[in-house]
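**Student:**
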Ligand SMILES: [Zn+2]
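Pasting the structure below:
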């Protein structure tokens, strides 16, 4: 799809969003269908029959077999939330429809909640995105390059090996005419071991790997055709047509991330910020369905408690 069609495609308008998900009841009904697409199944015993009733604002289902009571949010990423579902849905709408990233601070203002609440909500949504993208695999012609997150904010030296930067690998699958199609961003060091692991997980044959020949990329080439482009690094490589897709993607990523996040968050939660960017990038052609797909995934994602969210490593 040409760039202009991508930019001018119709998304889900705020009016349409509010019509579908503007009420707690509307959100609950939608979530129930995504949580139990085959009809109710007791989270404890799997029993298919239930009676349902309301307690406060939430509907509860009582299993006819074991009498266990559950709500549509229990056992999902929404579990034990104090926020109404309308806030979750609105957060996910804003996080998927905005052109650039929405910070926790901005999200908090939109939702009328504290920064702390918005931060946790955003990270839980990003974790859903990360889990969805975890099995992403690229093939065909793939441009691969190394990059850094957050370096400039620390006043670090430019280039590879600088202090206080989070290294990551960007791999971009292109179409026959060199347009970026899909991307993988992995917060890994540029070592042979890490790249071998990345390649085994995220790259599949047939594969033509285009890299700048940084020694450790050789590790990622078993069975693949390797187009080694020697660039000498720095600004020169930005202009090479062989890297046009990965450079465009990296440049857009930088624009989207710069100024949105705190440097501390970059360092600790790079895996999640990169996954969010990857999730949005890989679904950019269909802005109208991205929210529904994310909500559907969230309804199937197990709880991710705050302590796991705050752990530096991935919480899976
Ligand atoms: Zn049961």
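Residue numbers (our numbering): 12 to 327. For each residue, glycine too, the CB sits at the ideal point set by N, CA and C.
Can you tell me whether residue 119 is buried or exposed, with buried defined as 16 or more other CB within 10 angstroms of its CB?
**Tutor:** Classification for residue 119: buried.
**Student:** Pull the bridge partners of residue 82 from the DSSP assignment, please.
**Tutor:** Paired residues: 71.
**Student:** Which residues does DSSP list as the beta-bridge partners of residue 237?
**Tutor:** Bridge partners of residue 237: 220.
**Student:** Taking one C-beta from the region 256-266 and one from the region 147-158 each time, how about it: are there three or more such pairs within less than 8 Å?
**Tutor:** In short, these stretches touch, since the Cβ pair count reaches three.
**Student:** Looking at the unbroken beta strand (DSSP E) that takes in residue 154, where does it start and where does it end?
**Tutor:** 149-160 is the span of the beta strand (DSSP E), which, as asked, contains residue 154.
**Student:** Who are the Cβ neighbours of residue 35 in its own chain at under 8 Å, not counting the five residues just before and after it?
**Tutor:** Only 68, 95, 96 and 97 meet the Cβ criterion.
**Student:** Under 7 Å: does the beta carbon of residue 50 sit that close to some heavy atom of ligand 1?
**Tutor:** Flag unset: Cβ of residue 50 not near ligand 1.
**Student:** If you measure from each residue's Cβ to the nearest non-hydrogen atom of ligand 1, which ones come out under 6 Å, in chain order?
**Tutor:** Every residue passing the under-6 Å Cβ criterion appears here: 53, 55, 56, 58, 74, 76, 77 and 79.
**Student:** Please classify residue 30 as buried or exposed, where buried requires at least 16 neighbouring CB atoms within 10 angstroms.
**Tutor:** Exposed, by the Cβ-count rule.
**Student:** On the DSSP letters alone, give me the boundaries of the alpha helix (DSSP H) that residue 213 sits inside.
**Tutor:** Looking at the DSSP string, the run of the alpha helix (DSSP H) that includes residue 213 is 203-213.
**Student:** Please indicate yes or no: does the CB of residue 212 lie closer than 7 Å to some heavy atom of ligand 2?
**Tutor:** Among the ligands in the structure shown, ligand 2 does not appear; only ligand 1 can be found there.
**Student:** Using CA coordinates, which residue listed in 50, 309, 215 and 138 is at the minimum distance from residue 147?
**Tutor:** The candidate whose alpha carbon is nearest that of residue 147 is 215.
**Student:** Just to confirm before moving on: does the CB-CB distance between residue 289 and residue 195 stay below 8 Å?
**Tutor:** Closer than 8 Å, so yes.
**Student:** Nearest-angstrom Cα distance between residue 132 and residue 145?
**Tutor:** One C-alpha to the other measures close to 20 Å.
**Student:** Excluding the five sequence neighbours on either side, which residues of its own chain have a C-beta within less than 6 Å of the C-beta of residue 294, listed in chain order?
**Tutor:** So the qualifying residues of the chain are 301.
**Student:** CB-CB under 8 Å to residue 153, same chain, minus the five flanking residues each way: which ones, in chain order?
**Tutor:** Closer than 8 Å at the Cβ level, and outside the excluded window around residue 153, lie 182, 183, 184, 185, 214, 218, 219, 220 and 221.
**Student:** If we count the other Cβ atoms within 10 Å of its Cβ and call it buried at 16 or more, is residue 46 buried or exposed?
**Tutor:** With 16 or more Cβ atoms within 10 Å of its Cβ, residue 46 is classed as buried.
**Student:** Tell me whether the beta-carbon of residue 256 lies closer than 8 Å to the beta-carbon of residue 191.
**Tutor:** In this structure, residue 191 lies closer than 8 Å to residue 256 by Cβ.
**Student:** Just to confirm my understanding: we take residue 224, look at its own chain, exclude 5 residues before and 5 after, and list those with CB closer than 6 Å. What are they?
**Tutor:** Closer than 6 Å at Cβ, skipping near neighbours: 239 and 241.
**Student:** So the candidates are 140, 260, 179 and 236; which of them puts its Cα closest to the Cα of residue 189?
**Tutor:** Checking every option, the nearest Cα to that of residue 189 belongs to 260.
**Student:** May I ask you to verify whether the region 71-78 touches the region 102-113, counting CB pairs closer than 8 Å and requiring at least 3?
**Tutor:** Touching, no, given that fewer than three Cβ pairs across the two stretches are closer than 8 Å.
**Student:** Give me, in chain order, the residues of the same chain whose beta-carbon lies closer than 7 Å to that of residue 166; leave out the 5 immediate sequence neighbours on both sides.
**Tutor:** Note that residue 166 has pLDDT 38, beneath the 50 cutoff, so the model's placement of it is unreliable and the number below is only indicative. If we look at residue 166 and ignore the five residues flanking it on each side, it has no Cβ neighbours.
**Student:** Could you check whether the Cβ of residue 209 sits closer than 8 Å to any Cβ belonging to chain D?
**Tutor:** Included in the structure is just one protein chain, with no chain D present.
**Student:** Helix, strand or coil, according to DSSP, for residue 65 in the structure here?
**Tutor:** Strand, per DSSP.
**Student:** Taking its Cβ as the centre, do 16 or more other Cβ atoms sit within 10 Å of residue 135, making it buried, or is it exposed?
**Tutor:** Classification of residue 135: buried, given that the 10 Å Cβ count is 16 or more.
**Student:** Between which two residues does the beta strand (DSSP E) carrying residue 196 extend?
**Tutor:** Per DSSP, residue 196 belongs to the beta strand (DSSP E) from 191-197.
**Student:** May I ask which residues mark the beginning and end of the alpha helix (DSSP H) holding residue 100?
**Tutor:** Taken as a continuous stretch (DSSP letters only), the alpha helix (DSSP H) holding residue 100 covers 96-108.
**Student:** What are the partner residues of residue 178, as DSSP defines its beta bridges?
**Tutor:** For residue 178, which the question treats as bridged, DSSP gives the partners 159.
**Student:** Tell me the residue span of the alpha helix (DSSP H) that contains residue 258.
**Tutor:** Run containing residue 258: 255-268, per the alpha helix (DSSP H) assignment.
**Student:** Does the beta-carbon distance from residue 309 to residue 28 come in below 8 Å?
**Tutor:** No. Outside cutoff.
**Student:** Which ranges does the alpha helix (DSSP H) cover as unbroken runs of at least 4 residues, wholly within the region 267-321, from first to last along the chain?
**Tutor:** For the region 267-321, whole alpha helix (DSSP H) runs of length 4 or above, ordered along the chain, are 274-293, 301-310 and 317-321.
**Student:** Could you have a look at residue 184 and say whether DSSP puts it in helix, strand or coil?
**Tutor:** Reduced to three states, the DSSP call for residue 184 is strand.
**Student:** Which class does residue 28 belong to by DSSP, given the choice of helix, strand or coil?
**Tutor:** Three-state DSSP puts residue 28 in a helix.
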